[in-house]
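Colleague: Next up is a structure, given as structure tokens.
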Amino acid sequence: MGAFCRVMKETTATITFESTSPDETRRLGRVLGSVAKPGDVFALIGTLGAGKTELVKGVASGLGVADEGGVNSPTFVLVNEYDGRLHVYHVDAYRLGGTTELKAIGFEEICQSGGLVVIEWADRVGSLIPSRALWTAIEVTGDRTRRMVLTGPFDDVKRIESALSISAE
Amino acid sequence: MTLVLGIETSCDETSAAVVADGREVRANLIASQIDLHARYGGVVPEIASRAHIERLDPLICEALRLAGAAPEELDAIAVTARPGLIGALLIGVTAAKTLAWAWGKPLIDVNHIHAHATSAALGIAAGSGGGADGASIWPAAALVVSGGHTSLFLVRDPCDIVMLGRTRDDAAGEAFDKVAMILGLGFPGGPIVDRRAKSGDATRVSLPRTMLGPDSLDFSFSGLKTAVLYHVHGAGRTRGGLERLSPGDIDDLCASFSAAVVDVLVAKTLKAAERCGVRTVVVGGGVAANSMLRARLSETCVRRGLTLHPTPMQFCTDNAAMIAAQGHHQFVRGRLADLSLAAEAS
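Protein sequences, first through last, are from chains E and U. Residue numbers are given in numbering that gives the first Met the number 0: position 78 of the first sequence equals residue 77, and the series is strictly consecutive. Residue numbers are given in numbering that gives the first Met the number 0: position 43 of the second sequence equals residue 42, and the series is strictly consecutive.
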């Protein structure tokens, strides 16, 4: 049991980021974009108005997506695609009935495509999210403040942690 | 006369249409609106490439039959090639390429949002003062406002369309749906909020009009959505407040929210017309069916001496008639695609 727990501790890690404004949320996004690797999946959780799309704007910026103004909510169109250092698939599960519909729009294929997949409302389709995903849960803590809890593979989270401390300086 | 078959599969809707001269709709079938299951069977998720595959062939056959058109009478086949869901677009594009090859017809690739921008021309009857091809309503400032898109264009003519602005976060129709969700009103949110707004007081709740600076023609509706959320639950809170609202409060909030969206849409559309020096305004897309938007745009255009052409209600949501009509204009200008045409997500 003890050994199992230690393995768990070493394979996944969690950090918490307190955002005081949409600008701060985008800064976290830029850090996530700057460390993203081919095949990464960023799974976002948070209520309406939590700032999920704002975070994705930052991710796109961190990846050098040229048409940053084109980064907007994919709720209706289901998937937006952007070109940057990695090809970005911006997916939104808000309107989907569940994993069957997510499969139907080709989610499993795009997770194998070597791009970066960012999916909003990931908690609605949790069973289809790959185990390597980095989860970001956004909690509304005040009018403009948000708590972001990032959980994912140990190495990924450590890389984000050090990139965040550099970007804060 | 030109006769164009239009095919639309960019998102949820499967649609096929036959349009003469870019204006006269001979048939316009949308799968979700007719009972294909009764005739052809099959039950699949609404959001699926397989749904498009199962529905498209029978829809095309039915559209040709209703239009009384044989394949050899067609002049061209127009298809939505972008933007949209890649797997969904591929179905329509593959069908269109196959038919164009098999029937020996020209293939036309249509941008879905451009087709919304020119869809108002579908309402201009022949001989009503428009040119022979309805071209006289151009140039115009075009507002495209739907669940997935909120954009402004200068349409010099259907083959010369320039984007002036777009949403930076949520589309207007998406904001309507999400506010309906916040208020527990169900789906689809646009028509429900519109109906509730009619009995509400639009001045009751003060909500932000996000203009993004005096010169911007871009839109942002995310902050408005959050403002409604906080109005319901309290600042910085996301639940627990809905029970305190009476039905009358919800009507007032629907009216106040609609007015905030409409104020921004109208102000920026008018600004676009002014900046481009055009005297005509057109509006298309699903939210163009919103009664407050139609009324305010109409009043404002009358006051400014501008002509408004709203898209006829039946062509506001996604449909293939607008694809065939836009295809007609590209066809008569010789803007043809070839069989290497590829669907593009954006």
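Ideal placement from N, C-alpha and C gives every residue a C-beta, glycine not left out. Please read all numbers here as calculations on a predicted model, not as lab measurements.
Mapping the DSSP letters down to three states, classify residue 12 of chain U as helix, strand or coil.
Modeller: The answer is coil: DSSP assigns residue 12 of chain U none of H, G, I, E or B.
Colleague: Enumerate in chain order the residues of its own chain whose CB-to-CB distance from residue 78 of chain U is below 6 Å, with the five nearest sequence positions on each side excluded.
Modeller: The residues are 6, 91, 92, 95.
Colleague: Does the beta-carbon distance from residue 45 of chain E to residue 136 of chain E come in below 8 Å?
Modeller: For residue 45 of chain E and residue 136 of chain E, yes; Cβs fall inside 8 Å.
Colleague: Can you name the residues of chain E whose CB is closer than 9 Å to the CB of residue 84 of chain U?
Modeller: Per Cβ cutoff of 9 Å: 76, 77, 78, 104, 105.
Colleague: What would DSSP say about residue 145 of chain U, mapped onto helix, strand or coil?
Modeller: Note: residue 145 of chain U maps to coil in three-state DSSP.
Colleague: So what does residue 150 of chain U bridge to, in DSSP terms?
Modeller: Per DSSP, U:143, U:165.
Colleague: Is it a yes or a no for the segment 139-159 of chain U touching the segment 104-119 of chain U, going by three-plus beta-carbon pairs under 8 Å?
Modeller: In short, these stretches touch, since the Cβ pair count reaches three.
Colleague: So, is the C-beta of residue 335 of chain U closer than 8 Å to a C-beta in chain E?
Modeller: Taking Cβ atoms only, chain E never reaches closer than 8 Å to residue 335 of chain U, which makes this a no.
Colleague: Quick one: what's got a C-beta closer than 8 Å to residue 107 of chain E's C-beta in the same chain, skipping five residues either side?
Modeller: If we look at residue 107 of chain E and ignore the five residues flanking it on each side, its Cβ neighbours are 127.
Colleague: Am I right that residue 231 of chain U and residue 222 of chain U are in contact with their C-beta atoms under 8 Å? What's the rounded C-beta distance?
Modeller: Their Cβ separation, rounded to whole angstroms, is 15 Å, which puts residue 231 of chain U and residue 222 of chain U out of contact at 8 Å.
Colleague: Within the 8 Å Cβ cut-off, does residue 54 of chain U reach chain E?
Modeller: Not an interface residue.
Colleague: At a Cβ threshold of 8 Å, is residue 122 of chain E touching chain U?
Modeller: With 8 Å as the cut-off, residue 122 of chain E does not count as an interface residue toward chain U.
Colleague: Assess, as a yes-or-no matter, whether the segment 157-166 of chain U is touched by the segment 55-63 of chain E under the definition of 3 or more beta carbon pairs within less than 8 Å.
Modeller: Counting Cβ pairs under 8 Å, fewer than three are found: no touch.
Colleague: Starting from the Cα of residue 214 of chain U, find the closest Cα among U:89, U:208, U:205, U:271 and give me that residue.
Modeller: The shortest C-alpha separation from residue 214 of chain U is found at U:271.
Colleague: Leaving out five residues on either side along the sequence, give the residues of the same chain with a beta carbon under 8 Å from the beta carbon of residue 25 of chain E.
Modeller: Cβ within range, chain order: 53, 54, 56, 57, 60.
Colleague: Using a cut-off of 8 Å between C-beta atoms, extract the partners of residue 47 of chain E located in chain U.
Modeller: Simply 177, 180, 181, 224, 225, 228, 237.
Colleague: Where do the N-terminal and C-terminal ends of the alpha helix (DSSP H) with residue 60 of chain E fall, by residue?
Modeller: That run of the alpha helix (DSSP H) goes 51-61.
Colleague: Could I get the ranges of all uninterrupted beta strand (DSSP E) runs contained in the segment 44-123 of chain U, with 3 residues as the minimum, in chain order?
Modeller: Segments of the beta strand (DSSP E) lying fully in the segment 44-123 of chain U: 75-81, 106-110.
Colleague: Quick one: residues in its chain with C-beta nearer than 6 Å to the C-beta of residue 252 of chain U, no 5 flanking neighbours on either side, listed in chain order?
Modeller: The residues are 204.
Colleague: I'd like to know whether the C-beta of residue 293 of chain U is nearer than 8 Å to at least one C-beta of chain E.
Modeller: It does not; no Cβ of chain E falls within 8 Å.
Colleague: For residue 1 of chain U, I'd like the list of residues in its chain whose CB is within less than 8 Å of its CB, leaving aside the five on either flank, ordered along the chain.
Modeller: The residues are 19, 20, 21, 74, 75, 327, 330, 331.
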